[in-house]
Amino acid sequence: MCAAPTAGPNINEDVVYELMLYLERREQAAAAQVATCWTAPARRVLYRSITFHTWERAQESSEQRLVETLRDHAHLRAFVQQLTIHSAEDKKPITQLDWVDLFPPSSLRNFTYICRPRAAFNHELLKKDAIRTVSHLIATSPDTFPALKACFELPMMETLDLDLTKWSPRRDPGDRPAIEYRLQLDGAKVPNLKHLYIQVPYIRDDTVMVIIAAFAPQLHSLHIHVPPRQAHDFQVKAKAAWTEEFVGHIRRGTKLTRLVFSGFLELVQVPPLLNANGHAQALRINAALERLWHEPLRLRQHLHPFLDEVVQKSAVEHLCGVDGTYSEKLFHRLPRRIKTLEFYVEKSFECEGALLEMLGRVRKVRLGLQVVRFFASEEARTSFGVIEAACTENGVEFDFVPVVAPLYHPPSRPAMLWDEDHRD
-5 MCAAPTAGPN INEDVVYELM LYLERREQAA AAQVATCWTA PARRVLYRSI
45 TFHTWERAQE SSEQRLVETL RDHAHLRAFV QQLTIHSAED KKPITQLDWV
95 DLFPPSSLRN FTYICRPRAA FNHELLKKDA IRTVSHLIAT SPDTFPALKA
145 CFELPMMETL DLDLTKWSPR RDPGDRPAIE YRLQLDGAKV PNLKHLYIQV
195 PYIRDDTVMV IIAAFAPQLH SLHIHVPPRQ AHDFQVKAKA AWTEEFVGHI
245 RRGTKLTRLV FSGFLELVQV PPLLNANGHA QALRINAALE RLWHEPLRLR
295 QHLHPFLDEV VQKSAVEHLC GVDGTYSEKL FHRLPRRIKT LEFYVEKSFE
345 CEGALLEMLG RVRKVRLGLQ VVRFFASEEA RTSFGVIEAA CTENGVEFDF
395 VPVVAPLYHP PSRPAMLWDE DHRD
């Protein structure tokens, strides 16, 4: 039986996790047997500790310890709900991963598969019965079209976190039809997929658009993140065509109420203009480009405010954007259905005046806005004082989330199924 919990100091979950890593097989097995009596945070600690790293060279790796524990204590297999595999070796034969078959179908709920280098990604693992029934998949660096396609073929999956920052569209020499043919994505194969989170190298990459086109009608939330030093590819060229297609897909998402674009733009050097004659005119042009590149993004119009149109032609209620993906028009015609606005701000918030004017109309025109949230450096917190006061005055919650640059993992991700369904 389970002993009644006694009062005591609260211990940080990460501290408990570190302690769990020191458990031997027998101790880990005993912990798993009584884990059903634990609080949800304590259970998550135990499940987080069941992780193996294939690059370990210890006499007994954590992979060996996990496999032997599962074999020696068969009754524990169904307790494991969350499994993480980190692989940093060349691709293993699938037979070396047959121990995954020890888990009964429908027991695992969350599976994380992280591969560096990308060549370590073995998509055959995703075809195993124990993995095909997970509801939440986190996959890092699938290296081929078959590997990427396999991530979208888990029939019970509800949430997919996909890291494509190392994905190179140059691997496919063809155009959009060629990518569609090689992926052949079908929403019917993952009918429960509701939450899609993608880290991408180029927002306007054709592969990303193919994914959105296939799953927009069934999604509830879509989060696209571009890490620092990657290309925020919203150049003026072809921006109208891209916007029209993207807005069309989002408009088809009648259930898509949460749309997030996250990341911070980092300025890079403009390559010098090549001029065989080296005239002074070339130097002046290059200097002008240098100044233009380092002006605020809204002045050089490097990005396109496509969210202005998205918000008018979609079911979105929760919207997040990065600098340049929106303009003052967003606030002038904000629909009543918008409940949350979020912004990633690198230096200054260029639309402060329009936001303040809109906040003044919240009660007058009965806007549905409930939360305004900013992601920015801690140093920028004081610059949002006027906005915070206006939110308080008009009954809107203000939230500031400090971030540390460079930002590799965004702090606002789609709600994880585990957090939604297992809160005590």
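Going by the numbering used here, the first residue of the sequence shown is number -5, and it counts up by one from there.
A virtual CB, placed ideally from N, CA and C, is assigned to each residue, including glycine.
Limits of the unbroken beta strand (DSSP E) element including residue i
| i | result |
| --- | --- |
| residue 311 | Here residue 311 belongs to no beta strand (DSSP E), and DSSP marks it neither H nor E. |
| residue 153 | 153 to 157 |
| residue 82 | Premise fails: residue 82 is in no beta strand (DSSP E) and is neither H nor E. |
| residue 396 | 391 to 397 |
| residue 172 | Looking at the DSSP string, residue 172 is not in any beta strand (DSSP E); the run it does join, the alpha helix (DSSP H), is 170 to 177. |
| residue 254 | 252 to 256 |
| residue 125 | No beta strand (DSSP E) holds residue 125; the alpha helix (DSSP H) holding it covers 123 to 126. |
| residue 120 | No beta strand (DSSP E) holds residue 120; DSSP gives it neither H nor E. |
| residue 100 | It is not in any beta strand (DSSP E) - residue 100 carries neither H nor E in the DSSP assignment. |
| residue 114 | From DSSP, residue 114 is part of no beta strand (DSSP E); its letter is neither H nor E. |
| residue 134 | 130 to 134 |
| residue 88 | Premise fails: residue 88 is in no beta strand (DSSP E) and is neither H nor E. |
| residue 217 | 215 to 219 |
Selected residue, minimal CA-CA separation from residue i, among the options
| i | options | result |
| --- | --- | --- |
| residue 72 | 200, 103, 338, 320 | 103 |
| residue 186 | 160, 215, 356 | 215 |
| residue 75 | 194, 91, 88, 96 | 96 |
| residue 136 | 123, 158, 121, 153 | 158 |
| residue 346 | 334, 325, 362, 358 | 325 |
| residue 434 | 194, 21, 210 | The question about residue 434 has no answer, for the chain in this structure spans -5 to 418. |
| residue 116 | 379, 332, 143 | 143 |
| residue 336 | 319, 315, 81, 328 | 315 |
| residue 420 | 385, 174, 78 | Beyond the ends of the chain as shown, which are -5 and 418, falls residue 420; an answer cannot be given. |
| residue 92 | 236, 120, 213, 387 | 120 |
| residue 169 | 363, 381, 199, 361 | 199 |
| residue 80 | 112, 62, 192, 178 | 112 |
| residue 146 | 183, 35, 128 | 183 |
| residue 188 | 393, 201, 140, 130 | 130 |
| residue 218 | 203, 363, 174 | 203 |
| residue 160 | 351, 394, 201, 320 | 201 |
| residue 191 | 352, 374, 213, 306 | 213 |
| residue 94 | 394, 58, 114 | 58 |
| residue 365 | 372, 394, 109, 373 | 394 |
| residue 123 | 110, 105, 381, 175 | 105 |
| residue 141 | 320, 149, 177 | 177 |
Residue burial classification, residue i (beta-carbon count within 10 angstroms, cutoff 16)
| i | result |
| --- | --- |
| residue 155 | buried |
| residue 234 | exposed |
| residue 196 | buried |
| residue 152 | buried |
| residue 82 | exposed |
| residue 68 | exposed |
| residue 302 | buried |
| residue 304 | buried |
| residue 2 | Because the pLDDT at residue 2 is just 49, under 50, the model does not fix this residue reliably, and the point stays unresolved. |
| residue 257 | buried |
| residue 180 | exposed |
| residue 171 | exposed |
| residue 426 | No information on residue 426 is available, as it lies outside the stretch -5 to 418 that the chain covers here. |
| residue 360 | exposed |
| residue 376 | exposed |
| residue 413 | Confidence in residue 413 is poor, its pLDDT being 35 and thus under 50, which makes the residue's placement unreliable; the coordinate value appears in the next sentence. Flag for residue 413 reads exposed. |
| residue 210 | buried |
| residue 65 | exposed |
| residue 284 | For residue 284, the predicted model reports a pLDDT of 46, less than 50, meaning its position is unreliable; a value from the coordinates is still stated below. Exposed, because fewer than 16 other Cβ atoms sit within 10 Å of the Cβ of residue 284. |
| residue 383 | exposed |
| residue 356 | buried |
| residue 327 | exposed |
| residue 221 | buried |
| residue 175 | exposed |
First and last residue of the uninterrupted alpha helix (DSSP H) at residue i
| i | result |
| --- | --- |
| residue 139 | 139 to 144 |
| residue 384 | 379 to 387 |
| residue 70 | That residue, residue 70, is in no alpha helix (DSSP H); it is neither H nor E in DSSP. |
| residue 301 | 301 to 304 |
C-beta neighbour in chain C for residue i, strict 8 Å
| i | result |
| --- | --- |
| residue 95 | The structure shown contains no chain C, having only a single protein chain. |
Unbroken stretches of the beta strand (DSSP E), 3 residues or longer, contained in the region 182 to 213 = 189 to 193
query = Quick check: the region 239 to 246 against the region 335 to 342, are there 3 or more CB pairs under 8 Å?
reply = no
task = Could I get the ranges of all uninterrupted beta strand (DSSP E) runs contained in the region 318 to 367, with 3 residues as the minimum, in chain order?
result = 334 to 338
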